[in-house]
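Counting in this note's numbering, the first sequence runs from 1397 upward without gaps.
A short worksheet on the structure shown next.
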Amino acid sequence: MDPYISTYRYQVTATTTLIRDNYSYLEKGAVANDVYQLAGRVMAIRRHGKIVFAVLHDGFGKIQLVFRYDVLKTKEKKWKLLEILNVGDVIGVRGRPSRTLRGELSILVEDFDILSITWRDYPEKWHGLADVDKRYRLRYLDMMLNESVRQAIINIYRIEKAFRDFLDAHGFIEIHTPKLQPIYGGALARPFTTRIHALNTNAYLSIAPETYLKRAIIANFFKVYEIAVCFRNEDIDAEHYPEFIQIEIYEAFSDWEDMMRLVEHMMNYAIEETYGDSVIEIHEGDEIIELNFKPPWRRVSIEDAIEEFGNIKVRNRDYNELLEIAENLGIEIKDPRRGKIIEKIFEKVAQPHIKQPTYITMFPRDISPLARPSRKDPRYAERFEIYVNGLEVGNGYSELNNPIVQYYFFKKEEELRRKVLEKFGEIEIHPMDKDYVRALEYGMPPTAGVGIGIYRLIMALHKLPSIKDSIPFIFIQPEEFQTIAERDTEILKYYIKKLNLENREK
RNA sequence: GGGCCCGUAGCUCAGCCUGGUAGAGCGGCGGGCUUUUAACCCGUAGGUCCCGGGUUCAAAUCCCGGCGGGCCCGCCA
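What follows is the structure, encoded as structure tokens:
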């Protein structure tokens, strides 16, 4: 019996979810009359002689299997098969819902088939896969065995789906922007460079979909979004990874206040859909923090937040005073922009304290080259950032739609880079994008936009220690190892012969 | 880019400080067991101590270099 030769499918008629939903009424020792077929991976086996307990994971959840010698139909043959069953094998079982004497809802198995076998030993049941290197290297095992990783991955899907459903209901469509671009933009970050051989040209990987989604706005797609992969060639830490997912949303005829309202309602909807409530509990050490996503969220300007949490007044300070404040806080100035210094001070003294979903508003103009200057004070932009559980998860603004001013800001960025290069070294600026300016010259309506980091959001909601824990598969340097076919050439020969793989037509 | 830590059986780890040539639990394999939940009991096999070099009579252990991974700081979301 070799399932890799003989078995191509299994007819599944029920899931663990269905069994749990419909048979919770079963009394201890009871067996239902209905017969179902489930399939999945064997996660544990407890052998007791003529009765064997196993745990099946069918992708939805786990359920106990009970194999009884007197019940298994074609006894001798199947019992022999059961004796060689391993944790990690994939099986299909036919049986009846039941509850054991100890009260565990189970499937009393009447027949089963092995659908595929594992060639490798699975991690042990106590600690599972815990070594960080092995967890990332064998991420499929990590995802299979570690429930927190599994939950994060499932909830990324749910949140993304809820975002899509919400935006759909509000008349938005999703448009995919290019990941290969001649000029990068939409954020201040170092890009990956690559090469398009077909065009004999260099290209950048997208650091953000922003400038393309705004081109879509210009094209009369007045409500657009994208759940986009972004690439930024920066170093990795607990909160940063070179490849991440953002949802970016742009809505014409709106300003930043409209966008804040849209975002808090969308987020609240997604949280309710995913976690069943607007309020979710997060365990931080011994204490439990309740995060409440019900709109409206608190709004506080970045300078007020610094004053509130850090007891430091930065409004209307002159440049040298700001430098001194930063220095006293132990902040090393690598980028001399006034706004950057304020942002650094904010990150140091205020950000860790902001637990509840909060809009930090009125960001400095000079670090917001794509945002529209404030109608009240041109030193600020109509720009907000979203904070949840001390993490920055999003950023939005009234979009700058004036092509003349946009050109001027791009020009200023380039000048700034040249000016500070000698004293501070390379800083990230937004590069001149004349093609984007030309698009604006065709007329972009007043528009508001936002970007929300999905991995960051999940990280905040699940209190994950590292952003990597929310990313399904991460980059890892290849290691030397042997496949089973390399290790055991007899097995290789067996399959080549058995499946006639070298029988060529001549 | 700077600093710190880790790499030992399939898995989780001890041994390293203080050098004497490898251990436990789980898992595997064999046996027993018809209601277990990390089942239990008996037996048994299993190692490139990440790689390379050095010191030493002797290196998993000390030193140097490399590879892989993690954490913190700087830059970026």
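All C-beta atoms in this analysis are idealised placements derived from N, C-alpha and C, irrespective of residue type, glycine included.
Run of the beta strand (DSSP E) containing residue i, from where it starts to where it stops
i: H1679; result: V1675 to E1680
i: I1459; result: K1458 to R1464
i: F1449; result: I1447 to H1453
i: L1468; result: L1468 -> no beta strand (DSSP E), and no H or E assigned at all.
i: L1422; result: Counting along the chain, L1422 falls outside any beta strand (DSSP E), and DSSP gives it neither H nor E.
Proximal residues to residue i (C-beta, below 8 Å), its chain only, five neighbours per side dropped
i: G1845; result: E1606, L1609, K1610, E1644, I1645, Y1646, E1647, M1655, G1792, Y1793 and E1795
i: R1591; result: T1597, N1598 and A1599
i: E1837; result: P1799
i: A1701; result: F1742, A1746, I1750 and I1756
i: C1626; result: A1583, S1602, I1603, A1604, P1605, E1639, F1640, I1641 and Q1642
i: M1539; result: V1545, R1546, I1549 and P1868
i: E1898; result: I1892
i: V1710; result: E1699, I1702, E1703, L1718, I1721, I1738 and I1741
Under the three-state DSSP convention, the category residue i falls into
i: P1748; result: helix
i: M1439; result: strand
i: D1430; result: coil
i: F1820; result: helix
i: Y1404; result: coil
i: Y1518; result: coil
i: S1502; result: strand
i: V1483; result: coil
i: A1604; result: coil
i: V1710; result: coil
i: S1866; result: helix
i: T1646; result: Residue identity differs from the one stated: residue 1646 is Tyr in this sequence, not Thr. Y1646 falls in the strand class under three-state DSSP.
i: G1695; result: Reading off the sequence, residue 1695 comes out as Arg, not Gly. R1695 falls in the strand class under three-state DSSP.
i: E1739; result: helix
i: T1754; result: strand
i: E1811; result: helix
i: L1477; result: helix
Delimiting residues of the alpha helix (DSSP H) encompassing residue i
i: L1584; result: Counting along the chain, L1584 falls outside any alpha helix (DSSP H), and DSSP gives it neither H nor E.
i: E1543; result: E1543 to A1565
i: G1706; result: I1698 to G1706
i: A1722; result: Y1715 to N1724
i: A1666; result: W1652 to Y1671
i: R1533; result: V1528 to R1533
i: T1413; result: T1412 to N1418
i: L1857; result: I1850 to H1858
i: E1837; result: K1830 to E1837
i: L1687; result: Premise fails: L1687 lies in the beta strand (DSSP E), E1683 to N1688, not in any alpha helix (DSSP H).
i: I1880; result: I1880 to R1883
Local Cβ density within 10 Å of residue i, reported as buried at 16 or more and exposed below that
i: A1558; result: buried
i: D1466; result: exposed
i: L1817; result: exposed
i: Y1419; result: buried
i: A1410; result: buried
i: V1696; result: buried
i: Q1878; result: exposed
i: T1413; result: exposed
i: E1677; result: exposed
i: R1771; result: exposed
i: N1551; result: buried
i: F1805; result: buried
6 Å Cβ shell around residue i - same chain, five flanking residues per side excluded
i: G1484; result: T1514 and Y1518
i: D1731; result: I1823
Residues that residue i bridges to, as DSSP identifies them
i: Q1802; result: According to DSSP, Q1802 bridges with nothing at all.
i: A1777; result: P1769
i: F1618; result: Per DSSP, none; premise fails for F1618.
i: A1599; result: T1590
i: I1569; result: V1620
i: Y1793; result: R1779 and G1845
Cβ neighbours of residue i in the same chain (closer than 7 Å, five flanking residues each side left out)
i: E1630; result: A1585, R1586, H1636 and P1638
i: Y1803; result: V1833
i: L1537; result: P1519 and L1525
i: Q1407; result: Q1433
i: K1521; result: A1440
i: A1612; result: I1571 and V1620
i: F1689; result: M1663, N1664, I1667, S1674 and P1753
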